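Presented below is the structure to which this report refers.
Number of protein chains: 2
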Amino acid sequence: MHVEILSIGDELLIGQTVNTNAAWMGEQLLQIGVVPDWVTTVGDNADRLFSAMRVAEERADIVLLTGGLGPTHDDITKAVACRFFSSDTVLDETVLQAIRERFARRGIPMARINEEQAQVPRNARVIPNDRGTAPGMIFTENNKRFYIMPGVPFEMQSMMQRVVLPELVQLLGAKNIETRTLATTGIAESTLFAELGDMKKLEASARVAFLPSLCGVRIRLTATADRTTGAVEKLNRAENWIRERVGDFIYANRDIGLEAVLAEELIRSGKTVAVVESCTGGLLASRLTDIPGSSNYFMQGVVAYSNKAKHEVVGVPQELLEKHGAVSRAVAEALAEGIRGKAKTTFGLAVTGIAGPGGATAQKPVGLVYIACAEEGATVVEEHRFADDRLGNKMRTAQAALNLLRKSLFNLHIK
Amino acid sequence: MHVEILSIGDELLIGQTVNTNAAWMGEQLLQIGVVPDWVTTVGDNADRLFSAMRVAEERADIVLLTGGLGPTHDDITKAVACRFFSSDTVLDETVLQAIRERFARRGIPMARINEEQAQVPRNARVIPNDRGTAPGMIFTENNKRFYIMPGVPFEMQSMMQRVVLPELVQLLGAKNIETRTLATTGIAESTLFAELGDMKKLEASARVAFLPSLCGVRIRLTATADRTTGAVEKLNRAENWIRERVGDFIYANRDIGLEAVLAEELIRSGKTVAVVESCTGGLLASRLTDIPGSSNYFMQGVVAYSNKAKHEVVGVPQELLEKHGAVSRAVAEALAEGIRGKAKTTFGLAVTGIAGPGGATAQKPVGLVYIACAEEGATVVEEHRFADDRLGNKMRTAQAALNLLRKSLFNLHIK
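Protein sequence lines, in the order shown, are assigned to chains D and E.
For the first sequence, our numbering gives the first residue as 3, with consecutive numbering after it.
For the second sequence, our numbering gives the first residue as 3, with consecutive numbering after it.
Next up, the structure:
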């Protein structure tokens, strides 16, 4: 069954509104085992809407159309639908009654244009609107079915749940799709792909997609089966295959940020952390405090840009700064141990590097970063070389620092 | 000129990722006076992509295609494009070199599949990728132009700004469209709208759009004229009208962040700042250090969550903390003056508040925030009550603190 989502509205085209309706519908469809093949957006323009409906009719069996059903001048969908299905309109007493009651309940007078909303296409089935005034409509023509709904999210969502999804489930007969996201960090998409080996064998259990971002690569697994349990078993097989090869790089098997995983484990184990950062400028501390309850594990943060601050606030010896320079293994180590001692925490996390564009030298290019994590009796230091702009380097560095904390927290022995 | 945006990716169809790329592109296109006619999304499926390109070619002059250019198996766009434009690929030495350098800079080995990314369609122009490995491509065929870009937002955005938008502006030619963004902060969209008075008079000079965000409302002005000078004059008239009414809330007449304006003035005047923050958890320092050269004015940052840290690190008297509580005018003032004294800076900026969801009391609700800015002989304290979630409150608070620094720096006397 081929499904097309057709969204209508200028505000979507100019980016004033992000098309969250289409995303929500896609999620709901996936729940019943349908992946839409196309999402098309057109503006409040009768001719383009008409031709978009023509295109959709040709390639899809089911068209889910939203938007342009309101009472104002730029709401053209009903008129275009009537033209498309060569239908006139009739007054629907039930709809009119519902609209009247709606206004009565709110104690405000009903405008003439709202009455016109009770005029529905003669050869459409009506989808009652329990959240607003504009009725939805269903046209069926030579085995193609158009569901037309308002663009107001909660009105559309109610119609989808009450009428559209149940009807689609009937048309389909059962077939289950389950998805799972493996969140990785510290490994490049290309390396990940290479490490996973024979994709064909892996894809025998589940469809695999890679979603890269500045904070890592999410692996999205999709499995289909006649029963939910079957699909879940396939996902488990796929997840195991991947964990056997790149398990240490996976920090979660759902779509969450690394800071959330660290928070959970820090709170569970009663461990604490303090950070000192230069090139990330506070971003590392901010990530760690994005989680509710962070005051349980986050004790202190220092942004020490100048050598003066590194010396005075964290107690890094002057001679160390002079001998090795602020961006060095030795200073990263001293910073991590210094902040840990001052804040009396389980972990001391430190970052020193060159975010750019300025500050580079022949030996120390932009993107060179040292990250250190100090704990009782051991301090680990990592060198990274990022190749992004200032903000990109800040984000990649903060993520790498959180990942170093993850390695210490979970005793992982990976580069 | 008819423009179609064509987005590729299963994650968009199943709603795992909302199509913010299309929204961003729509916003950018509007800046140059173009409203796209269609946004189409298809999955990682060669045949459907091919036919979507066919449809786009028939109805649009310009097609902006994003996604599916990565190195992995589910990235099918290059192959489909080659089939569509019946082109083979050739090795582009410049691209290969760029990819090699990218990996070299990062000091990590380059995978075989990354080399294949340097294979580009023979009859396409290459769009260099300065944020990643996958090059963009431009196909031109019987007056239709396809711009093909990666789906990774920052890679796509860089290509749009460096190459695509400038080329489109050229193609548009003649009729001049000039746009200008007035960046405001510290005033609500509705208040702004009310203060501006008769929009008709204002819109006589330029089309006005309000773009609200957590950091303030951007006012986008668009003026058209036969000559650039004419359009610019109209923009000037519109800007003056707005400045006469809400001038103090405008921090820039281009689309930049408040931190950039502060950085410029701090560097120009040789003034310095140090910050201490609780509920923003490092975000305030991070914003201040997002600007190249921030080491010239940003001396030190402290994230002091606990009372212990507020006392030990910044020297806030214990009795003050006990008497008024950490979230209070008195403590905000002491924090600002304390960090200013410690860091010996022109300004001491302090934030204390309740980001939520936890930590509220009967007297002190979630979203209650005190912000203080201390300078020689004067400390200003502001109380704010934000009604957002944790991350929203963090962002609004950091922005309000930057705005308080702006008021001190520019001697503005507004609430």
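C-beta: ideal position from N, C-alpha, C; glycine also.
Keep in mind it's a predicted model, so treat the numbers as computed, not measured.
Here's a check: name, in chain order, each residue in its chain whose Cβ is nearer than 7 angstroms to the Cβ of residue i, leaving out the five neighbours to either side.
i	result
Ile269(E)	Gly295, Asn298, Tyr299
Met27(E)	Ile7, Leu66, Met162
Asp77(E)	Gly70, Leu71
Arg133(D)	Phe156, Glu157, Ser160
For a contact meaning CB atoms closer than 8 angstroms, what does residue i contact in chain D?
i	result
Pro73(E)	Glu191, Ser192, Phe195
Phe156(E)	Leu216, Gly394
Comparing alpha-carbon positions, which option in the options lies nearest residue i?
i	options	result
Leu337(E)	Arg387(E), Leu51(E), Ser271(E), Lys310(E)	Lys310(E)
Gln401(D)	Arg289(D), Val368(D), Val316(D), Arg222(D)	Arg289(D)
Ala380(D)	Val82(D), Thr348(D), Tyr149(D), Gly45(D)	Thr348(D)
Leu351(E)	Leu93(E), His415(E), Gln365(E), Ala306(E)	Ala306(E)
Arg124(D)	Gly284(D), Arg104(D), Arg247(D), Val92(D)	Val92(D)
Tyr372(D)	Ser280(D), Val318(D), Asp292(D), Phe412(D)	Ser280(D)
Ala332(D)	Ile341(D), Leu322(D), Gly340(D)	Leu322(D)
Asn21(E)	Gln33(D), Gln30(D), Pro155(D), Thr42(D)	Thr42(D)
Pro214(E)	Ala227(E), Ala190(E), Ser53(E)	Ala190(E)
Arg387(D)	Asn405(D), Tyr149(D), Ile356(D)	Ile356(D)
Lys203(E)	Thr274(E), Glu241(E), Ala54(E), Leu216(E)	Glu241(E)
If you measure from the beta carbon of residue i to each beta carbon in chain D, is any gap under 8 angstroms?
i	result
Gln18(E)	yes
Gln302(E)	yes
Ala113(E)	yes
Asp39(E)	yes
Glu321(E)	no
Asn21(E)	yes
Gly283(E)	yes
Leu173(E)	no
Give the DSSP-derived three-state secondary structure of residue i in the structure shown.
i	result
Gly284(E)	coil
Gly218(D)	strand
Thr363(D)	coil
Ala376(E)	strand
Leu174(D)	helix
Met3(E)	coil
Thr381(D)	strand
Arg124(D)	coil
Met420(E)	Nothing can be reported for residue 420(E), as the shown portion of chain E is limited to 3 through 417.
Ile269(D)	helix
Gln18(D)	coil
His75(E)	coil
Gln302(E)	strand
So which residues of chain E does residue i contact, with C-beta pairs closer than 7 angstroms?
i	result
Glu246(D)	Within 7 angstroms Cβ-Cβ: nothing; Glu246(D) doesn't reach chain E, min ~19 angstroms.
Thr43(D)	Trp40, Val41
Looking only at its own chain, which residues have a Cβ that is under 6 angstroms from the Cβ of residue i, when we skip the five neighbours before and after it?
i	result
Ala225(E)	Glu180, Ala208, Ala233, Lys236, Leu237
Ala345(D)	Ala276, Met301, Gln302
Val315(D)	Val304, Ala306
Thr19(E)	Glu13
Leu414(D)	Asp250
Thr186(D)	Gly218, Val219, Phe251, Ile252
Val278(E)	Val304, Ala306, Val316, Leu337, Ile341, Ala352
With 8 angstroms as the threshold, decide whether the Cβ of residue i is near any Cβ in chain E.
i	result
Met201(D)	yes
Glu59(D)	no
Asn125(D)	no
Leu286(D)	yes
Phe212(D)	yes
Val329(D)	no
Counting only Cβ pairs nearer than 9 angstroms, list the residues of chain D close to residue i.
i	result
Phe86(E)	By Cβ distance, chain D contributes nothing, its closest Cβ being about 17 angstroms from Phe86(E), past 9 angstroms.
Gly360(E)	Pro294, Gly295, Ser297
Leu32(E)	Leu15, Ile16, Gly17, Gln18
Asp12(E)	Val37, Arg209, Ala211, Arg222, Thr224
Using C-beta distances below 8 angstroms, list every residue in its chain close to residue i, excluding the 5 sequence neighbours before and after it, in chain order.
i	result
Asp63(E)	Met3, His4, Val5, Asn145, Lys146, Arg147
Arg229(E)	Asn178
Pro73(E)	Ala113, Ile115, Asn116, Glu118, Gln119, Thr135, Ala136
Ala81(E)	Ala48
Asp391(E)	Gly358, Pro359
Using a C-beta to C-beta distance shorter than 9 angstroms, which residues of chain E count as neighbours of residue i?
i	result
Pro307(D)	Note on residue identity: the sequence assigns Tyr, not Pro, to residue 307(D). In chain order: Thr291, Ser296, Ser297, Phe300, Met301, Gln302, Gly303.
Asp63(D)	Per Cβ cutoff of 9 angstroms: no residues; Asp63(D) is ~14 angstroms from chain E at best.
Phe388(D)	Arg107, Arg108
Counting only Cβ pairs nearer than 8 angstroms, list the residues of chain E close to residue i.
i	result
Ser160(D)	Per Cβ cutoff of 8 angstroms: no residues; Ser160(D) is ~18 angstroms from chain E at best.
Ala311(D)	Met301, Gln302, Ala345
Using a C-beta to C-beta distance shorter than 7 angstroms, which residues of chain D count as neighbours of residue i?
i	result
Leu15(E)	Gly28, Val37, Pro38, Val41
Ala25(E)	Gly17, Val20
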